[in-house]
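The structure under discussion appears below in the form of structure tokens.
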Amino acid sequence: MTEFTPFRRLALIGIGLIGSSIARIAAREGLAETIVCAARREETRTKALQLGIVSEAHLDPAEAVKGADCVILCTPLGAYAEVMQRVAPHLQAGAILSDVGSVKACVVRDVGPLVPEDVHFIPGHPVAGTEHSGPEAGFAELFKGRWCILTPIPGGEQAPLDRLIRFWTKAGSKVEVMEARHHDLVLAITSHLPHLIAYNIVGTADDLATVTKGEVIHYSAGGFRDFTRIAASDPTMWRDIFLNNREAVLEMLGRFSEDLALLQRAIRWGDGETLFNLFTRTRAIRRAIIDEGQDIAAPDFGRQATPKNGKANEPGKK
Ligand code: NAP
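Numbering (our numbering), first residue to last: -5 to 312.
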């Protein structure tokens, strides 16, 4: 693969955790000559300019994409249709249009038909994040060592795909190319279902009349605390993920419920062997994740090193 040629104008539509992290790493690594953004709220645009991570911040995404040779949609999935209606007529011929959305088949389905023929549409998903939102939450190292999955449209040109692969590689990511539906199935079990379980368990604990809120918070040093971190993730983003990856999540949820029923039965009938065997198998998976460098083995007793702004980049913390 040849050297990466920086983009002349990189337009980030949405400048929250992911958009602002892209802006930071693109500036640090010289991946674009000019970096601009669009966001709905004045507060967000002002913040992005104050942080010095973009040189222009527009209310109208159409203004941001004018003359851009790379446009990346970084809003929640639910905003894509509205954004695309505005930007499509203004996309430059030959530009790359990508995104960072956590579900991919819906992006191919909904955005694909709106993309002009002379624009290279390559959906993407950096599998990296934290439970924090907004332009202040981003940091340049977010993508370091983490996967970025690209789901190009069949029949698309190779050169723009290679350029985007190099962009993400320069940003620190390991890049994988796969089919959109396959991405959604894999992420349903590795990311979406764990979030659903976290939202549910924290919600259930909050609903329990016998366990007061005070006790839940007070005794949260156990596994519950880790669930609360995940369940603090952005409600808009996660609502959109579940609405847009419905089939894959329901498929995984079905399997999960069946397996949970088996555990319930094992506990009811005192079947310690079943419990022990499963827990041994899952422990090996944890070791494999550490061996692959997706997390560290150090015990996590409250992440004392995490600064107030939440910018600690701990591998595997998503
Ligand atoms: P975020 O911090 O909440 O930022 C979202 C940005 O989108 C904000 O700048 C927001 O602007 C803008 N926006 C929201 N609705 C909009 C609309 N209707 N029109 C125009 N702009 C709008 O979100 P994020 O965590 O960066 O997530 C963005 C995308 O990344 C999502 O699609 C998500 O699936 C994907 N993703 C997230 C993570 C993660 O862990 N967070 C990881 C991988 C991928 P205002 O502030 O002005 O509203």
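No residue lacks a Cβ here, since even glycine has one placed at the ideal position from N, Cα and C. Quick caveat, the model's predicted, so the values are computed rather than measured.
According to DSSP, residues forming a beta bridge with residue i
i      : result
Pro120 : Cys142
Glu50  : Val30
Lys168 : Trp141
Ser92  : Ile66 and Ile116
Arg3   : Thr28
Endpoints, alpha helix (DSSP H) assigned at residue i
i      : result
Cys100 : Ala99 to Val105
Thr268 : Gly266 to Asp285
Asp200 : Leu187 to Asp201
Asp220 : Gly217 to Ile224
His84  : From DSSP, His84 is part of no alpha helix (DSSP H); its letter is neither H nor E.
Pro148 : Run containing Pro148: none; DSSP gives neither H nor E here.
His176 : Ala174 to Leu181
Glu57  : Pro55 to Val59
Asp253 : Arg240 to Arg262
Ala20  : Leu11 to Arg22
Residue i burial status per 10 Å Cβ neighbour count (16 or more: buried)
i       : result
Leu11   : buried
Leu71   : buried
Phe328  : Since the first residue shown for the chain is -5 and the last is 312, residue 328 is missing from the structure and cannot be characterised.
Ile290  : exposed
Tyr74   : buried
Ala131  : buried
Trp263  : exposed
Phe273  : exposed
Ser251  : exposed
Arg2    : exposed
Thr(-1) : exposed
Arg140  : buried
Ala87   : exposed
Asp201  : exposed
Lys311  : Confidence in Lys311 is poor, its pLDDT being 38 and thus under 50, which makes the residue's placement unreliable; the coordinate value appears in the next sentence. By the 10 Å Cβ count, Lys311 comes out buried.
Ile235  : buried
Ile19   : buried
His119  : buried
Gln298  : Reliability fails at Gln298, whose pLDDT of 49 lies under 50, so the model's placement of it is uncertain and the value that follows must be treated cautiously. Burial call: exposed.
Leu190  : buried
Thr(-4) : exposed
Thr198  : exposed
Pro148  : exposed
Pro229  : exposed
His177  : buried
Thr40   : exposed
Ile396  : Past the edges of the chain, shown from -5 to 312, lies residue 396, and the structure says nothing about it.
Asn194  : exposed
Cys237  : According to the sequence provided, residue 237 is Leu. The question's Cys does not apply to it. Result: exposed.
Thr69   : buried
Leu158  : buried
Where the beta strand (DSSP E) containing residue i begins and where it ends
i      : result
Ile66  : Cys64 to Leu67
Arg35  : Here Arg35 belongs to no beta strand (DSSP E), and DSSP marks it neither H nor E.
Leu136 : Neither: Leu136 is in no beta strand (DSSP E) and is coded neither H nor E.
Which listed residue (the options) has its alpha carbon closest to that of residue i
i      : options                           : result
Ala5   : Arg140, Asn238, Ile90 and Gln288  : Ile90
Leu45  : Val65, Ala21 and Ile284           : Ala21
Leu144 : Tyr213, Val97 and Ile116          : Ile116
Val94  : Ala225, Arg80, Leu67 and Val113   : Leu67
Ile29  : Glu37, Glu36, Arg35 and Glu57     : Glu57
Val59  : Ile183, Pro188 and Ala82          : Ala82
Glu38  : Val65, Val169, Leu108 and Ile7    : Note that residue 38 corresponds to Thr in the displayed sequence, not to Glu. For Thr38, the nearest C-alpha among the options comes from Ile7.
Leu247 : Ser185, Glu286 and Arg175         : Ser185
Ala122 : Val169, Pro146 and Ile147         : Val169
Ala26  : Ala62, Glu36 and Ala42            : Ala62
Val77  : Arg34, Pro146 and Ala42           : Arg34
Leu85  : Asp104, Ser96, Ser167 and Glu111  : Glu111
Ala42  : Ile284, Ile9 and Ala226           : Ile9
Val65  : Cys31, Arg275 and Arg103          : Cys31
Val48  : Gly208, Ala17 and Arg219          : Ala17
Met172 : Val180, Gly166 and Ala165         : Val180
Ala99  : Ala182, Ser227 and Arg249         : Ala182
Gly113 : Gly13, Arg175, Thr124 and Gly150  : Just to set this straight, residue 113 is Val in the shown sequence, not Gly. Checking every option, the nearest Cα to that of Val113 belongs to Gly150.
Ala242 : Ser96, Ser15, Lys164 and Gly208   : Ser96
Arg80  : Val101, Leu108 and Arg103         : Leu108
Arg223 : Met231, Tyr213, Glu209 and Val196 : Val196
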